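Asker:
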Amino acid sequence: MRPTHYMDTKDLSKNEYDVLFGLADDIFSHPDRYIDRLRGKVLASLFFEPSTRTRMSFETAMLRLGGSVIHMDSPDNSSMKKGESLEDTLRIVESYADVCVMRHPVSFTQHKLVPYLKEMHLINAGDGNHSHPTQTLTDLMTIRHTKGRLDHLKIGLCGDLKNGRTVHSLFRHLKEIEGNHFTFISPPGLEMPEEYFDGVDKNSYVEIQSLEEGIEDLDILYMTRVQTERFASEEEGLGFRGSYALTKKILGKGKEDLSIMHPLPRVDEIETEIDEDPRAHYFLQAKLGMIVRMALILFLMEDENGKDS
Ligand code: NCD
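Numbering (my numbering) for the sequence shown: 7 to 315.
1. Counting only beta-carbon atoms, is F27 nearer than 8 Å to chain B?
2. Which class does I221 belong to by DSSP, given the choice of helix, strand or coil?
3. Helix, strand or coil: how does DSSP classify F53 here?
4. If you run the structure through DSSP and keep just helix, strand and coil, what is H227?
5. Between which residues of its own chain and L18 is the CB-CB distance below 7 Å, once the five residues before and five after are set aside?
6. Just to confirm my understanding: we take R59, look at its own chain, exclude 5 residues before and 5 after, and list those with CB closer than 7 Å. What are they?
7. Among the candidates L227, H174 and G195, whose CA atom is the shortest distance from the CA of E242?
8. Can you tell me which of the three DSSP states I266 falls into?
9. By the three-class DSSP mapping on this structure, what secondary structure does D104 have?
10. Can you give the beta carbon distance from I303 to V105, rounded, assuming they're within the 8 Å contact cut?
11. Using CA coordinates, which residue listed in P284, K160, D14 and D314 is at the minimum distance from L224?
12. What did DSSP end up calling S63 once you bin it into helix, strand or coil?
13. Do you know whose CA, among R299, H36, L257 and G248, lies nearest R272's CA?
14. Tell me D314's beta-bridge partners as DSSP assigns them.
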């Protein structure tokens with residue numbers, strides 16, 4: 007039985023990831039085969055935090071599968087403004103849609119809503135600073151494309167590692183895969199939180215502050231922005247802005263086959279001149295995100311025989 011919802015990367019087994027990425031590869035090569043697969047089905051997008059890529063890539067993914075999309079503009083324009091609970095809102099959405107993609111500023115909100123659902127599939131599109139599992143799918147898809155494997159990689163995670171949910175999800179997944187080594191590059195105060203190191207071998211990572219020093223032997227450099235909206239005050243967050251900027255000079259120290267990634271939006275973490283460098287993979291990453299989200303929607307909505315589940 008396939009899982010009904012996708013809340014965290016651990017929701018799928020290794021075999022299920024193999025099936026999911028196999029499906030994504032096939033969609034990438036033969037998108038025409040999928041244009042009618044979900045005709046008559048409806049995806050609802052519920053975003054309680056700003057989003058460009060995640061929301062649009064899910065909506066486009068559903069349209070490219072032949073399905074339709076509904077969305078709630080903003081909580082301010084909905085019945086929640088009149089005092090409706092999130093549980094009730096979701097139950098109502100369930101009577102309209104087959105699958106719902108939801109982002110919320112409070113960690114674990116989507117997880118708590120699962121018990122209220124009877125039929126609709128729920129996908130976590132980011133919960134607070136906790137996790138962003140479909141960004142991880144996007145990242146894994148990109149690493150498979152550019153490196154051909156997910157194991158034995160030297161991975162640098164740089165920026166706001168305390169508040170960035172993308173790096174939390176990505177680290178939680180990649181640390182379970184054999185031979186991966188991590189270089190955490192962050193300013194003091196924005197380090198990867200202790201709780202993510204449970205069961206992690208001390209030899210499998212280093213924590214440093216200098217990007218210039220850390221970049222040298224990396225296979226992947228994953229840049230992130232300072233999550234200013236998650237600090238107690240905006241000033242506090244802005245104080246960290248500009249901590250890291252990948253410049254051409256620093257990139258000069260990187261390997262020839264380094265893969266530069268970023269979940270986007272970029273603020274000032276990567277000089278725009280680098281966009282033309284063949285090692286810049288962040289726009290490819292966004293494109294592959296749509297493909298792997300098509301695969302995820304199909305994977306959850308169909309069983310092994312391609313029938314509705
Ligand atoms: C990320 C997020 O929302 O956490 N954005 C995205 O979905 N690509 C990263 C970020 O906002 O910095």
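Backbone N, C-alpha and C fix where the C-beta goes; we use that ideal spot for every residue, glycine too. Quick caveat, the model's predicted, so the values are computed rather than measured.
Answerer: Reading off the structure:
1. Among the protein chains of the structure shown there is no chain B, as only one such chain exists.
2. coil
3. strand
4. Per the sequence shown, residue 227 should be read as Leu rather than His. Reduced to three states, the DSSP call for L227 is strand.
5. P9 and L26
6. L270, A292 and G295
7. G195
8. strand
9. coil
10. 6 Å
11. K160
12. helix
13. G248
14. E308
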